[in-house]
Every structure is written in C-alpha cells, then in structure tokens.
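The next block holds one structure in the form of structure tokens; read it before the comments.
So, in structure tokens, the structure goes:
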C-alpha cells in the first residue's frame, strides 16, 4: 500500500485525537470512536533496537508495536542551557553527574566545576547520587545532556471494535534524536491509514509530514525506507481495520 496523500495538521492532545476521529469517520461514516488510552514511554538513543507495545480492544487482542533505533540528536537550547548529543558525554569535563526531572524530560547533568553557592533566583535540585544542591542556571558552567526523550502512545477503538487507532508521538513536538530505523506495527488488524511525521504539532507550530519516499505503509506496518529516510521522526499515526479472522 502506498503512503496516503491526504495529510492534515493537528495539535497535541484533543486536536490530535480529533484528527484520528476524522480519519476514522472517513473510513466508516456511521462509526464513533472511544476515548484513547495514552501511555508514556522513553525513547532511548545509543543505536540499540528498542520496542514498546500496547494492547487494545476486547481481551486486549489488538496490538500496536513501535520498534526503533536512534542516536543522540542535534543541539537544543533551553534558556542559557544547551542540550547536547549523547556522543558529547565523553567530551564533558565531568566532576558531578546526576539525574533531574525537567519539563522537557529526564536529563543527565554534567557539572564542569564545583557546586555554586546558594543565591537568590536560583533553583534547587536533588538526586539520589548527591545531596540537595542549588544551582544558578544562567551563571554556572552547566551542560545538560539529553539522555532519552519522553514519548506517548495512544490507542483507541471504534464502538463496534471494527477499527482501532494507534498514535505514537513526542508531546513536545520535535524529537532531537537521529532515528536510524523505525516501524509501527499492528497485530490483529490491517492498516487502512498510515502517516509519519518529522515534527509533531506543538503550541502554534504545525506538524510536518515525512516525504512519501521516506517511509512506506503496508497492511501491517508503517516503516522507514532504507536509504531514503532522513532520520527525523516525531510522530506516527495508524488507523487499522480488524481482520475477519479476529472477528
């Protein structure tokens, strides 16, 4: 099955689900779709193949599987702090390494120096590896290393359980990882609509679909095309119809 030409913009959360509803209605006009179940998971760089899967439908007999391999991404600036590719870890003159939970996901922090003293306007952070410490972000010699990204998978079914949807995406819009491969696969159903995006919608920014030559859609999977895929992935959308053998 060729990649579909119909592409539509959407937002995170409710707007994203509205896009799925439109896709499902286009397939079965009389059909309504249940609210999705959304689960967060970590997308990890390092070049190793990882998989994440969830089940949906009666007896959880329909499955969506996301399989991928990725490397550390491009530099991303948040305020005065740079997020560097995973490969930069060896270049960082680390004296202290700890993990923190930030709005943009779990991070490792490399401190090239000593802990700064407590000052007004600074932030308190803590780690199992260190005592509570206070850091003034703008003036301290910090380098933040993005070790993995938080993604989400949403699954939902039509009321008669004849269709199910699977959406995989990064809520912050754009992933800064380089994907060497990806495949979103369904089991117990056949894909009727599939799309891949280099950038998901976030705030006022619209989603950006991959070029049709970068990926392919078959009856069971949406996957990269070796040699054509340009390593950018932030979202996948699938609408699948239950096969007769599963009815």
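Residue numbers (the working numbering): 26 to 272.
Note that the Cβ used here is the ideal one computed from N, Cα and C, for glycine as well.
I'd like to know whether the C-beta atoms of residue 89 and residue 235 end up nearer to each other than 7 Å. no
With which residues is residue 67 paired in a DSSP beta bridge?
175
key: Endpoints, beta strand (DSSP E) assigned at residue 206   = 203 to 212
Just the C-alpha distance for residue 217 and residue 191, rounded to the nearest angstrom, thanks. 12 Å
Practice prompt. Closer than 7 Å by C-beta to residue 223: which residues in its own chain qualify, once you throw out the five before and the five after it? Chain order, please.
Written response: 233, 235, 257, 258 and 259
Checklist entry - By Cβ distance below 7 Å, which residues in the same chain neighbour residue 66 in space, the five residues on each side in sequence not counted? => result 77, 176 and 178
Handout entry: CB contact flag (residue 245, residue 210, <7 Å)
Key = yes
*asked:* Quick check on this structure: which residue in 195, 208 and 267 has the alpha carbon closest to the alpha carbon of residue 92?
replied: 208
In DSSP terms, what residue 180 is bridged to
62 and 191
TODO: Taking 7 Å as the cut-off, decide whether the C-beta atoms of residue 68 and residue 230 are in contact.
DONE: no
Can you check which of these residues, 254, 85, 238 and 225, is closest to residue 262 by C-alpha distance?
225
Open item on the list: Quick check on the DSSP output: the beta strand (DSSP E) that includes residue 186 runs from which residue to which?
Closed with: Neither: residue 186 is in no beta strand (DSSP E) and is coded neither H nor E.
Just to confirm my understanding: we take residue 199, look at its own chain, exclude 5 residues before and 5 after, and list those with CB closer than 6 Å. What are they? 224 and 259
Original post:
Leaving out five residues before and five after residue 54 in sequence, what residues of the same chain have Cβ atoms less than 6 Å from its Cβ?
Top reply: Confidence in residue 54 is poor, its pLDDT being 43 and thus under 50, which makes the residue's placement unreliable; the coordinate value appears in the next sentence. If we look at residue 54 and ignore the five residues flanking it on each side, it has no Cβ neighbours.
Name, in chain order, the residues that DSSP records as bridge partners for residue 254.
-> Its beta-bridge partners do not exist; DSSP assigns none.
Legend entry - Whole-angstrom C-beta distance between residue 189 and residue 221, which should lie under 8 Å: Contact doesn't hold; Cβ gap of about 18 Å is too wide.
| How should residue 64 be labelled, buried or exposed, when 16 other C-beta atoms within 10 angstroms of its C-beta is the threshold for buried? | exposed
| message | Please identify the residue among 75, 70, 182 and 97 whose C-alpha is closest to the C-alpha of residue 85. | response | 182
Would you kindly report the start and end of the unbroken beta strand (DSSP E) that includes residue 246? 246 to 249
- prompt: Of all the options 71, 83 and 75, which has the alpha carbon lying nearest to the alpha carbon of residue 97?
  reply: 71
### Message
Please report the straight-line C-alpha distance between residue 250 and residue 186, rounded to a whole angstrom.
### Response
31 Å
Same chain only: Cβ atoms within 7 Å of residue 254, ignoring 5 sequence neighbours per side: 239 and 240
For a test of the three-state rule: what should DSSP assign to residue 228, helix, strand or coil? coil
key: Enclosing beta strand (DSSP E) for residue 261 [first to last residue]   = 260 to 267
Q.
Less than 7 Å between the beta carbons of residue 81 and residue 94, yes or no?
A. no
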